[in-house]
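Residue numbers (our numbering): 723 to 775.
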């Protein structure tokens with residue numbers, strides 16, 4: 723997935739990335755998984771971000 727955001731005037735520090743997975747039926751089906759009863763929450767470290775270029 724590629725997301726294009728406007729460039730901020732100065733760098734923005736990143737703390738933590740909170741993610742939710744398998745949160746809709748089509749996505750769970752793509753992964754051959756069941757939709758969980760509760761949201762599947764996971765963290766990504768700031769080092770997971772990759773700058774373009």
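Cβ atoms here follow ideal geometry from the backbone N, Cα and C, with glycine treated the same way.
* Residue(s) in a DSSP beta bridge with residue 736 -> For this step, residue 736 is matched to residue 14 along the chain shown. DSSP output for residue 736 lists no bridge partner at all.
* To do: State whether the region 746 to 757 contacts the region 724 to 737, with contact taken as three or more CB pairs (one from each stretch) at a distance under 8 Å.
  => Output reads no: the region 724 to 737 does not touch the region 746 to 757.
* Express the C-alpha separation of residue 725 and residue 767 in angstroms, rounding to a whole number. => Counted from its first residue, the chain shown places residue 767 at position 45. Counted from its first residue, the chain shown places residue 725 at position 3. If you take the alpha carbons of residue 767 and residue 725, they lie about 18 Å apart.
* **Residue from 757, 741, 734, 737 whose Cα sits closest to the Cα of residue 765** => Here the question's residue 765 lines up with position 43 in the chain shown. For the residues 757, 741, 734, 737, the minimum Cα distance to residue 765 belongs to 741.
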